[in-house]
Each structure stands twice: as structure tokens, then as C-alpha cells.
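Enquirer:
Protein chains: 2
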Amino acid sequence: MKTTENNFSKKNIGDMPVEEFRNFGHQLIDWVADYFQNIESYPVLPNINPGDIKSKLPKTPPVDGESMEEILKDIDGKIMPGITHWNHPNFMAYFNSTSSGPGILAELLSAAFNANGMLWKTSPAATELEEVTLDWFRQMLGLSENFWGIIYDTASVSSMHAIAAAREQLSEYQFRQKGLAGRKEIPRLKIYTSEQAHSSIEKGAITLGIGIDGIRKIPVDNEFRMIPSQLEKAITEDRENGWLPFCVVATVGTTSTTSIDPVNEIADICKREKLWLHVDAAHAGVAAIIPEMRFIIDGIEKADSLVVNPHKWMFTPVDLSILYTRKPKILKQAFSLVPEYLKTSEDNIVINYMDYGIQLGRRFRSLKLWFIIRYFGTEGIANRIKDHLRLGKIFAEWIGQNTNFEKMAPVPFSTICFRAHPQDLNDEQKLNELNEQLMNSVNSTGKIFLTHTKLNGKFVCRLVISGLRTEEKHVMLAQEILQNKLTEILT
Amino acid sequence: MKTTENNFSKKNIGDMPVEEFRNFGHQLIDWVADYFQNIESYPVLPNINPGDIKSKLPKTPPVDGESMEEILKDIDGKIMPGITHWNHPNFMAYFNSTSSGPGILAELLSAAFNANGMLWKTSPAATELEEVTLDWFRQMLGLSENFWGIIYDTASVSSMHAIAAAREQLSEYQFRQKGLAGRKEIPRLKIYTSEQAHSSIEKGAITLGIGIDGIRKIPVDNEFRMIPSQLEKAITEDRENGWLPFCVVATVGTTSTTSIDPVNEIADICKREKLWLHVDAAHAGVAAIIPEMRFIIDGIEKADSLVVNPHKWMFTPVDLSILYTRKPKILKQAFSLVPEYLKTSEDNIVINYMDYGIQLGRRFRSLKLWFIIRYFGTEGIANRIKDHLRLGKIFAEWIGQNTNFEKMAPVPFSTICFRAHPQDLNDEQKLNELNEQLMNSVNSTGKIFLTHTKLNGKFVCRLVISGLRTEEKHVMLAQEILQNKLTEILT
Numbered sequence: 044m045k046t047t048e049n050n051f052s053k054k055n056i057g058d059m060p061v062e063e064f065r066n067f068g069h070q071l072i073d074w075v076a077d078y079f080q081n082i083e084s085y086p087v088l089p090n091i092n093p094g095d096i097k098s099k100l101p102k103t104p105p106v107d108g109e110s111m112e113e114i115l116k117d118i119d120g121k122i123m124p125g126i127t128h129w130n131h132p133n134f135m136a137y138f139n140s141t142s143s144g145p146g147i148l149a150e151l152l153s154a155a156f157n158a159n160g161m162l163w164k165t166s167p168a169a170t171e172l173e174e175v176t177l178d179w180f181r182q183m184l185g186l187s188e189n190f191w192g193i194i195y196d197t198a199s200v201s202s203m204h205a206i207a208a209a210r211e212q213l214s215e216y217q218f219r220q221k222g223l224a225g226r227k228e229i230p231r232l233k234i235y236t237s238e239q240a241h242s243s244i245e246k247g248a249i250t251l252g253i254g255i256d257g258i259r260k261i262p263v264d265n266e267f268r269m270i271p272s273q274l275e276k277a278i279t280e281d282r283e284n285g286w287l288p289f290c291v292v293a294t295v296g297t298t299s300t301t302s303i304d305p306v307n308e309i310a311d312i313c314k315r316e317k318l319w320l321h322v323d324a325a326h327a328g329v330a331a332i333i334p335e336m337r338f339i340i341d342g343i344e345k346a347d348s349l350v351v352n353p354h355k356w357m358f359t360p361v362d363l364s365i366l367y368t369r370k371p372k373i374l375k376q377a378f379s380l381v382p383e384y385l386k387t388s389e390d391n392i393v394i395n396y397m398d399y400g401i402q403l404g405r406r407f408r409s410l411k412l413w414f415i416i417r418y419f420g421t422e423g424i425a426n427r428i429k430d431h432l433r434l435g436k437i438f439a440e441w442i443g444q445n446t447n448f449e450k451m452a453p454v455p456f457s458t459i460c461f462r463a464h465p466q467d468l469n470d471e472q473k474l475n476e477l478n479e480q481l482m483n484s485v486n487s488t489g490k491i492f493l494t495h496t497k498l499n500g501k502f503v504c505r506l507v508i509s510g511l512r513t514e515e516k517h518v519m520l521a522q523e524i525l526q527n528k529l530t531e532i533l534t
Numbered sequence: 044m045k046t047t048e049n050n051f052s053k054k055n056i057g058d059m060p061v062e063e064f065r066n067f068g069h070q071l072i073d074w075v076a077d078y079f080q081n082i083e084s085y086p087v088l089p090n091i092n093p094g095d096i097k098s099k100l101p102k103t104p105p106v107d108g109e110s111m112e113e114i115l116k117d118i119d120g121k122i123m124p125g126i127t128h129w130n131h132p133n134f135m136a137y138f139n140s141t142s143s144g145p146g147i148l149a150e151l152l153s154a155a156f157n158a159n160g161m162l163w164k165t166s167p168a169a170t171e172l173e174e175v176t177l178d179w180f181r182q183m184l185g186l187s188e189n190f191w192g193i194i195y196d197t198a199s200v201s202s203m204h205a206i207a208a209a210r211e212q213l214s215e216y217q218f219r220q221k222g223l224a225g226r227k228e229i230p231r232l233k234i235y236t237s238e239q240a241h242s243s244i245e246k247g248a249i250t251l252g253i254g255i256d257g258i259r260k261i262p263v264d265n266e267f268r269m270i271p272s273q274l275e276k277a278i279t280e281d282r283e284n285g286w287l288p289f290c291v292v293a294t295v296g297t298t299s300t301t302s303i304d305p306v307n308e309i310a311d312i313c314k315r316e317k318l319w320l321h322v323d324a325a326h327a328g329v330a331a332i333i334p335e336m337r338f339i340i341d342g343i344e345k346a347d348s349l350v351v352n353p354h355k356w357m358f359t360p361v362d363l364s365i366l367y368t369r370k371p372k373i374l375k376q377a378f379s380l381v382p383e384y385l386k387t388s389e390d391n392i393v394i395n396y397m398d399y400g401i402q403l404g405r406r407f408r409s410l411k412l413w414f415i416i417r418y419f420g421t422e423g424i425a426n427r428i429k430d431h432l433r434l435g436k437i438f439a440e441w442i443g444q445n446t447n448f449e450k451m452a453p454v455p456f457s458t459i460c461f462r463a464h465p466q467d468l469n470d471e472q473k474l475n476e477l478n479e480q481l482m483n484s485v486n487s488t489g490k491i492f493l494t495h496t497k498l499n500g501k502f503v504c505r506l507v508i509s510g511l512r513t514e515e516k517h518v519m520l521a522q523e524i525l526q527n528k529l530t531e532i533l534t
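The listed protein sequences derive, respectively, from chains A and B. All letters in the first sequence, in the order written, are residues 44 to 534 by the numbering used here. All letters in the second sequence, in the order written, are residues 44 to 534 by the numbering used here.
#1: Out of A:P455, A:L498, A:E471, which one is the CA nearest neighbour of E335 (chain A)?
#2: 7 angstroms is my cut-off, CB to CB: does R408 (chain A) come that close to chain B?
#3: I need the DSSP call for E449 (chain A), collapsed to helix, strand or coil.
#4: Could you give the first and the last residue of the continuous alpha helix (DSSP H) run that contains Y78 (chain B)?
#5: Between which two residues does the beta strand (DSSP E) holding D467 (chain B) run?
#6: Quick check on V263 (chain A): buried or exposed, where buried means 16 or more other Cβ atoms within 10 Å of its Cβ?
#7: Could you tell me the boundaries of the alpha helix (DSSP H) in which L148 (chain B) lies?
#8: Identify every residue that forms a DSSP beta bridge with S323 (chain B).
#9: Of all the alpha helix (DSSP H) runs that stay within the bounds of the region 97-135 of chain B, which reach a length of 4 or more residues?
#10: What does W179 (chain A) reach in chain B if we use C-beta pairs closer than 8 angstroms?
#11: Could you tell me which residues DSSP pairs with V503 (chain A) in its beta bridges?
#12: K53 (chain B) lies in the beta strand (DSSP E); which residues open and close that run?
#13: Got a sec: is the Cβ-Cβ distance from L223 (chain B) to anything in chain A below 7 angstroms?
#14: When you check each C-beta in the region 115-126 of chain B against every C-beta of chain A, which residues fall closer than 9 angstroms?
#15: Give me the Cα-Cα distance between A324 (chain A) and K429 (chain A), rounded to the nearest whole angstrom.
#16: Could you tell me whether the Cβ of M519 (chain A) comes closer than 7 angstroms to any Cβ of chain B?
#17: Compute the distance between the beta-carbons of G222 (chain A) and G254 (chain B), then report whether it is under 7 angstroms.
#18: Quick one: give me the first and last residue of the alpha helix (DSSP H) that I437 (chain B) is part of.
#19: List, in chain order, every chain A residue whose beta-carbon is nearer than 9 angstroms to that of H131 (chain B).
#20: Relative to the C-alpha of I340 (chain A), which candidate in A:L320, A:K490, A:N92, A:S379 has its C-alpha closest?
#21: Throw me the rounded Cβ distance for the G435 (chain A) and I459 (chain A) pair, which I believe falls under 8 angstroms.
#22: When you compare each of A:A207, A:P145, A:L520, A:P453 to S302 (chain A) by their alpha carbons, which one comes out closest?
#23: How is A240 (chain B) classed by DSSP in three states: helix, strand or coil?
#24: Under 8 angstroms between beta-carbons, which chain A residues line up against A26 (chain B)? List them in chain order, please.
#25: Is there a C-beta anywhere in chain B that falls below 7 angstroms from the one on Y235 (chain A)?
#26: At what residue ranges does the region 188-272 of chain B contain a whole run of the alpha helix (DSSP H), taking only runs of 4 or more?
#27: With distance defined between alpha-carbon atoms, name the residue in A:S299, A:I437, A:A293, A:K317 nearest to N307 (chain A).
#28: Would you give the residue range spanned by the alpha helix (DSSP H) that T368 (chain A) belongs to?
#29: For a contact defined as C-beta to C-beta under 8 angstroms, what are the partners of P145 (chain B) on chain A?
#30: Give, in chain order, every residue of the region 246-257 of chain A whose Cβ lies closer than 9 angstroms to some Cβ of chain B.
#31: For I303 (chain A), which three-state DSSP category applies?
As C-alpha cells, then:
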């Protein structure tokens with residue numbers, strides 16, 4: 044077979060010649076391998092100022108093409124100094140997302156195919172592998188066959204789609220057709236979620252035209268879990284005041300403390316009140332693949348939808364968020380819109396994933412999920428998460444035993460909320476300042492990266508163990524640095 | 044530096060060992076290189092039935108990890124037979140998106156870093172490279188410095204954000220806070236776009252609570268361009284009927300025919316009527332980097348926002364869609380929401396891209412744009428697009444000269460709408476059937492992939508030339524197959 048590349052001209056036509064791709068591809072694979080080999084030699088958090096990276100880059104694009112040598116050289120010289128290393132074993136901030144070897148290799152392949160899975164026809168393998176891997180993952184989570192899944196990019200988008208489906212379920216109002224604005228016959232809409240819910244729920248509500256006032260934040264108990272009786276009370280109150288409650292978002296693993304809302308009880312309320320129940324388990328949901336942890340989604344079969352992100356705690360390169368729903372027909376009703384130019388003869392017998400969301404273009408994301416589940420196996424994945432839970436326990440116990448620190452929330456997973464609290468210091472303002480100083484000073488070492496939250500007005504440090512490369516020694520290092528920095532500050 | 048991998052155990056902890064990654068990475072690079080070398084030996088469109096791929100895959104996930112050999116073997120055996128080859132030089136369907144070598148290598152690197160660009164702090168290089176590359180691309184398009192850019196995943200999402208900003212601009216109604224539903228004091232909202240606009244505009248309107256009724260489709264002229272006087276008339280009429288017009292979406296390169304709405308005239312109407320003007324140039328916008336083609340966005344400086352997708356006609360692996368806007372403050376006002384756990388000390392002096400959209404997690408997408416612009420150079424990219432325009436002209440001329448075919452729309456770019464029209468056949472119903480049959484029969488050769496649209500009720504074939512590997516000989520092949528298949532059908 045003759046190839047097109049004999050006509051390649053950098054200035055005029057064609058892709059990078061295959062032999063050049065091969066050469067630089069091999070170099071880049073070695074570069075990435077070396078990067079992972081030496082990952083601990085990099086500062087987790089770069090020590091630079093805003094504008095430092097920009098100032099090293101030309102202000103105008105090159106007219107003539109440059110060599111791959113030049114470009115790769117700049118990765119080391121200009122990009123690496125500005126990278127926050129999410130793969131570093133001591134990245135313990137936010138909810139971490141680490142890449143794994145099989146996930147990276149799958150992304151290489153997926154970029155090469157560049158298949159767009161909008162329709163079955165536009166790459167049958169992309170659609171059918173999505174069906175198969177999401178069914179595998181459904182089984183891993185212990186969900187029944189009533190749940191149907193779709194991959195979106197992020198949990199924010201998954202949850203937005205869930206709330207949109209909840210809105211669509213109010214079919215008598217024909218929101219898809221008639222919209223929400225300026226209709227005197229419809230009531231204002233209300234969503235319920237806890238005070239600890241992720242900001243994406245509010246963003247979803249803003250986007251969908253529900254508005255911030257359309258979200259009621261239900262108080263939490265002293266373990267930061269939504270209080271079902273308060274939810275019930277709020278719904279009754281709102282109905283009396285003319286609001287139309289339509290959706291509840293429960294969280295399994297809230298962002299600040301990973302608290303677990305009582306899904307089972309909340310689900311019963313939703314059933315009685317005929318509200319769509321969406322469960323945001325973006326970070327913690329994967330823990331349900333461990334049988335002893337399945338309790339975290341107790342009651343899930345009564346929920347309408349659930350989001351879990353393999354790109355958070357399952358070693359999958361961003362982005363890959365999964366929405367499972369028992370009501371795919373309603374989701375499709377909300378979003379399906381097939382112009383002539385996208386009609387195919389198979390439309391009635393296949394899944395065209397574009398029908399289930401706002402995005403038309405869809406990367407071949409299931410490939411990485413498939414590589415990862417196959418390479419590690421379900422037991423391998425479960426055991427890695429178990430090990431994180433074990434390490435979380437070690438750190439939590441250290442905090443508990445250390446008279447200079449205190450635990451600020453229960454630890455159902457491997458995220459520990461704590462603060463320094465020397466025995467003679469009880470001024471809350473000063474404690475807040477001390478802890479902010481401590482966190483900044485720990486982060487400035489470049490050896491570890493923690494972030495914070497506020498709980499009941501108190502500045503709290505969070506340490507999250509969910510990285511693929513994090514081992515006991517890294518937790519020990521975190522403890523050592525925390526202890527040393529606190530001593531430094533206090534003396 | 045000690046690495047973590049000496050503790051690797053597939054069943055329990057750690058990532059794929061670095062040497063294994065290196066080994067299979069090299070294998071995969073060779074696989075991809077061979078794939079591109081032999082791209083023309085694959086059928087563009089796979090010859091399979093729904094369910095064929097699924098039936099070859101296990102119904103349950105493996106408990107024990109499998110070897111990379113096994114997994115890669117299944118790429119050839121189980122996945123490849125179901126791939127629609129978007130990279131094939133004779134993929135001439137939809138709006139094509141082809142991967143380039145530098146783009147693929149950048150994606151490998153981006154998956155390896157797995158940096159999340161939600162905040163400046165979470166990877167300063169990701170944020171600052173996004174600023175720099177979008178400023179480069181802005182210059183390439185000839186846009187003034189008034190335009191500020193952000194990368195989203197798809198044009199559907201970019202346009203949704205533009206319409207959301209338009210909605211937010213109606214600040215007196217406080218939609219972000221109060222929502223749209225059940226408010227007796229607000230009017231119904233109206234967006235205007237042409238009959239030929241992409242379905243994503245409607246999906247955006249559905250999502251945002253505007254509803255399908257909130258979209259008015261303005262008639263087009265005989266070259267499929269929005270008629271400004273009709274737009275003006277519609278706005279007046281709607282205002283008189285109590286609607287609140289707030290946004291117009293003009294298209295530069297509509298999906299069916301790549302017609303170009305008169306942006307300049309539309310912009311003047313929007314200015315007078317105080318409406319947000321969004322320009323959807325997702326596919327065709329990149330052509331504006333050719334100076335002779337810059338006229339396609341004449342008047343753009345009066346528009347409020349513009350979407351262009353490098354992942355369509357600029358050889359960038361999906362996904363990478365850019366929204367430029369002159370009003371980033373309004374976009375931020377619509378979407379910014381910073382919970383405590385995402386606050387950083389740099390918030391006031393840096394761009395945190397998460398503030399400008401619904402998505403929190405953000406892949407390091409600017410890397411591929413940077414690789415591609417640098418590798419090909421601005422002239423190299425422009426010349427590739429010029430060559431597509433040249434090839435489009437060749438095909439259009441062939442259609443024009445061939446008595447059995449007719450051109451069904453003007454060809455401002457390299458998308459040709461045509462149909463078979465034998466001189467003795469004038470029954471429209473039969474012509475529709477003939478052309479559907481012709482398209483299916485051409486596609487069934489596996490040598491070329493075309494799609495269709497309908498124009499004024501007529502079934503029309505579309506041939507799109509925008510692939511990185513498409514040369515004159517591929518256009519000749521398309522002509523030959525079309526001619527032969529038509530002869531076959533007619534005899």
C-alpha cells in the first residue's frame with residue numbers, strides 16, 4: 044500500500060512523516076518512563092510566580108514550523124518548571140487524580156484513532172466498548188442491571204445532566220419545548236442538597252436556569268451528613284410556599300470531609316415525595332467495589348442516578364466521569380435532537396450516545412477504562428483502594444495520638460481533616476492563622492501538597508490518600524514534615 | 044532517587060513498572076506508526092453489524108489482571124474491526140477531524156502529566172500555556188486583543204457557555220441567583236439563529252431553560268445564509284408579542300452546506316437591538332487564518348463571542364474547542380463560584396479557568412495546540428487548509444461538468460453538496476431514493492465515507508475535504524467511485 048507521506052512537505056501538505064513520528068514517539072515514551080522513574084525528585088508544587096511560565100514563551104506564533112527537538116527541549120526547559128505533579132506520591136490535595144501506565148497507553152491509542160463516538164456508525168467499537176466497560180464497572184459497584192451508563196467528561200457535567208433529567212421528568216410542564224422563563228403557570232423549582240455538597244451542583248442549577256435560590260442546602264449532623272428529617276421538613280415547607288421540589292442530590296464522599304449522606308433514608312423520602320434522587324459519588328464511589336465498603340451506597344437501587352469518576356480514584360487519566368441512571372429514556376427525552384445530517388439507518392437498533400447529552404463530539408474514552416480494568420483486574424483495583432484506606436487509618440491514628448493535632452471530622456475513607464491545636468492555644472482566630480501558616484509552610488517545601496477547607500468556620504487541613512504511587516513511607520514523610528513545620532512555627 | 048516501583052505488585056499496589064511501560068510504550072508507538080503507514084489499507088467504514096464488537100468481549104470484568112500482550116492483541120482482533128477511520132484520507136463525511144503526529148504526541152504527554160488546569164495553582168504551566176496559545180491563535184485569526192479565549196471540550200459546550208453569558212448579560216433579571224422558572228415578572232426569552240444552524244444551538248437552549256420555543260429560526264436566502272432583514276423583522280415582531288430577544292447566533296460555515304451568514308450586517312442589528320452576538324465558526328473558522336479568507340468573519344469585532352474548533356480542521360485530536368469573547372467578565376459572572384476548598388492565595392492575580400465554565404476538571408489541552416502550531420508553523424497550517432480549498436474546487440468543478448451530477452449549494456470552503464441527477468430523471472422522490480442508494484453503495488465499498496443532508500426537502504450528498512492526509516488522488520478516487528457506482532445503479 045502506497046502511503047501519502049512521500050508527498051509530505053512541512054510547509055505545504057501532509058502529516059509528520061511516519062518515521063519521524065516513530066523516532067520522537069520512542070523518545071517521548073522514554074521521557075515519560077523517566078518522568079515516572081524520577082517523579083519524587085520533582086517538587087510536587089512548583090515554586091514559581093504568576094507570569095513566570097508565560098514570560099518564557101514567545102508572544103507570537105512561529106510562521107515556519109519548528110523541529111520536534113526544539114519542542115521537546117522546551118518541555119523540560121519551559122513547561123516542567125510550571126507543572127504541579129498530580130502523579131507525585133505526596134500530592135495529597137483536593138481529590139487527587141493519578142495516571143496509570145495502562146491508562147496513558149490507552150490515551151495514546153485513543154488520540155491516534157481520534158474516533159468520535161457520537162453515533163454508533165462513527166465508530167461502532169467506541170460505542171460498544173463503552174457499553175461493555177460500563178456494564179463491567181456497574182457489576183464492580185454491585186449495581187443492578189437497571190442502571191444504564193454513559194461517559195461524560197467531568198462530574199460537573201454528569202450531575203448537570205442528572206438534574207436536567209430530573210427537570211425533564213416534570214413532563215407536564217414541557218420544559219424542553221417551552222423553557223422555564225416567563226411562564227406564569229409554572230411554579231419555581233427547588234433542588235435539595237446538603238450544606239457540604241460540591242459546588243458543581245450549584246453550577247448545574249445556575250446553568251439549567253434553576254438559579255441559586257432554587258437550591259436549598261439541608262443542614263448536616265455533626266458528622267457532616269445530610270439530616271433526612273431536615274430534608275423532609277424543607278420539602279414540606281417549600282411546597283407550602285408554592286415551590287415545586289423536583290430533585291435531591293445526596294453525596295457519598297463530600298469534598299471537604301468525605302462524609303456519606305444516608306442515601307437509603309433520603310431515597311425513601313424521594314420516593315414518597317416523587318423527587319429524582321441523584322447521588323454524587325464522584326470521588327468515593329469507586330470504594331464501593333470493595334465488598335466491605337459497599338454499604339456506602341446502601342439504598343442506591345432506589346436512586347435515579349449516580350455519578351462516579353474513574354478519573355479520580357481509579358488511576359484513569361482525566362477525563363472520564365460516568366453517569367448511571369435507571370431512567371435513560373428520560374435523559375434521552377431531554378437531550379435527543381437528530382438533525383438530518385446525523386441520521387443513520389441504524390438509529391432504531393443501536394445506542395447513539397449523542398442522544399443522551401449536550402455534547403455531540405465524544406472522545407473514545409472507554410478505551411482507557413478497558414485497559415485499566417483489564418491490566419489491574421478488579422481485585423488489583425480493589426486492593427489498591429483498600430491500601431489507601433489502610434494508609435488513611437494510619438495517618439488518622441497518628442493525628443489522634445499527637446497532642447499537637449486534632450482530627451476535625453470522621454474518616455470514612457482516606458481523606459483526613461485535621462488541624463494543629465497546641466494545648467495552650469484556644470483562640471479560634473489564632474488557630475485559623477496557625478493552620479493556614481502551617482499548610483503554606485508545608486507546601487512550600489515542595490515535598491508534599493495539602494489543601495484546606497473550612498468546617499464550622501474553622502480552617503482545616505485536608506490530607507487525601509488516593510494516588511497510585513502513594514505508599515506508607517509517603518504518609519510517614521507527610522507526618523514528619525507536618526511535625527517539623529509545626530515545631531518550627533511554634534518555637 | 045529511589046522509586047516506588049520496587050514494591051509493585053499487580054495484585055496489590057503500585058503502577059505498571061516503568062520498564063514495562065517503556066517496553067509496551069515502544070510497541071504501541073510502532074503500532075500507531077504502522078497504523079498511519081497503512082491507513083489506506085483499512086476500510087474507512089467498518090463492515091459490521093450492531094452487536095458484532097460486543098459479542099467478542101467478555102460479559103464480566105477480569106478478577107485477575109491481564110498482560111499488556113493480551114490487551115494489545117485484542118486491539119487488532121476485537122477493536123480494529125469496529126473502528127471508523129477518521130484519519131483515512133477518504134473519510135469525507137460530517138466535518139472531519141484528523142489527528143496529526145505532533146497532536147498525538149502531545150496527548151501522550153498530557154495524559155502522563157495528568158495535570159488538571161482548574162486553578163492556576165493546580166498547574167501554572169497549563170493555565171499560562173492556555174493563555175499563550177489562545178493568544179497566538181487569536182493573532183492567527185486576525186482578531187483584536189479585545190478577544191479573550193478559553194478552551195472547552197466541544198463546540199456544543201462552547202456555544203452553550205456563550206448563550207449562558209448572553210443570558211447573564213440581562214443582569215436586571217438576576218437569572219444566576221433567581222433562576223428562570225415561576226417568575227411572573229420576567230418575559231420569555233428568545234434566541235435567533237438561522238434555519239441552517241447546528242443542532243447544538245437548540246441543545247444549548249434546551250439545557251439553559253430557554254426551550255425550543257425560545258429559538259426562532261430565521262429563513263435563509265438561496266445560498267443558505269441568514270437573511271438580515273428577516274432577523275430584524277422577527278425581533279420586532281417578538282418584542283411586540285412580549286418576548287425578550289437576548290441573543291443571536293450567526294454561523295460561519297453551516298453544517299449542511301458551510302454557508303456563511305453575513306456577520307457584519309447581523310452584528311449591526313445586534314448592536315442596535317442590544318443583543319449578544321455569538322458566531323459559530325466551529326468548523327470553518329480556522330480558514331480565517333488564510334488572509335484571503337479572512338472576509339468570512341468580517342464584522343467579528345462587533346460580535347460578543349466566537350467558537351472555533353482546532354479539533355475539526357486543524358489536525359488536533361478531539362477534544363479542543365475555543366471560545367473567544369470580548370466579555371469574559373460576564374462569562375465569569377455567570378459561572379464563577381469558589382468554595383473554600385478551592386480558594387488560593389493567588390486568586391486575585393491569576394486566571395483560574397474554572398471560574399469561566401461549568402466544568403471544574405480541565406485536561407491540559409493547550410499542549411496539543413502548542414505542539415501543532417509550532418510543528419507546522421502558521422504558514423504550514425494555512426497552506427494545508429489552502430490545499431483543501433483547492434481540492435474542494437477540483438471536486439466542485441468535476442460535479443459542475445458532469446451531466447449526471449449537480450451541485451446543490453455554493454462551495455465557499457471545501458464541503459461540496461451535490462446529488463446525482465441523470466438528465467431523464469425529474470421525479471424528486473425518485474431522485475431522493477437514487478441518491479440515498481448511491482451514498483450507501485459508495486460507502487459500502489469501504490474506500491470512501493460520505494454523509495448526507497437535506498436541502499429544501501432534497502436528499503443531498505456531502506463531500507468534505509478537511510483531512511490532513513487527503514490529497515488530489517483521493518479526490519480522484521472519490522470521483523471514480525461515485526461515477527462507477529452511479530453507472531452500476533443506472534444500468
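Cβ coordinates follow ideal geometry from the N, Cα and C atoms, glycine included.
Expert: Checking against the coordinates, here is how it stands:
#1: Nearest option by C-alpha distance: A:P455.
#2: Contact with chain B is absent for R408 (chain A), since none of that chain's Cβ atoms lies less than 7 angstroms from the residue's Cβ.
#3: strand
#4: 61-80
#5: Unbroken run through D467 (chain B): none, as it is neither H nor E.
#6: With 16 or more neighbouring CB atoms inside 10 Å of its own CB, V263 (chain A) falls in the buried class.
#7: 144-156
#8: Looking at the sequence provided, one finds Asp at residue 323 (chain B) rather than Ser. Beta-bridge pairing links D323 (chain B) to B:T294, B:V350.
#9: 111-117
#10: T103, P104
#11: A:T496
#12: That residue, K53 (chain B), is in no beta strand (DSSP E); it is neither H nor E in DSSP.
#13: yes
#14: L115, D117, I118, K121, I122, M123, P124, G125, I126
#15: 17 angstroms
#16: Under the 7 angstroms criterion on CB atoms, M519 (chain A) is classed as non-interfacial with respect to chain B.
#17: yes
#18: 409-444
#19: In chain order: nothing, as chain A lies at least about 10 angstroms away.
#20: A:L320
#21: For G435 (chain A) against I459 (chain A), the beta-carbon gap comes to about 6 angstroms, under 8 angstroms, which counts as contact.
#22: Nearest C-alpha to S302 (chain A): A:P453.
#23: coil
#24: Not covered by the structure: residue 26 (chain B). The range shown for chain B is 44 to 534.
#25: no
#26: 198-212, 218-221, 242-250
#27: Among A:S299, A:I437, A:A293, A:K317, the Cα nearest to that of N307 (chain A) is on A:A293.
#28: That residue, T368 (chain A), is in no alpha helix (DSSP H); its beta strand (DSSP E) goes 364-368.
#29: Those within 8 angstroms of P145 (chain B) in chain A are M59, M111, I114.
#30: K246, G247, A248, I249, T250, L251, G252, I253, G254, I255, D256, G257
#31: Three-state result, I303 (chain A): strand.
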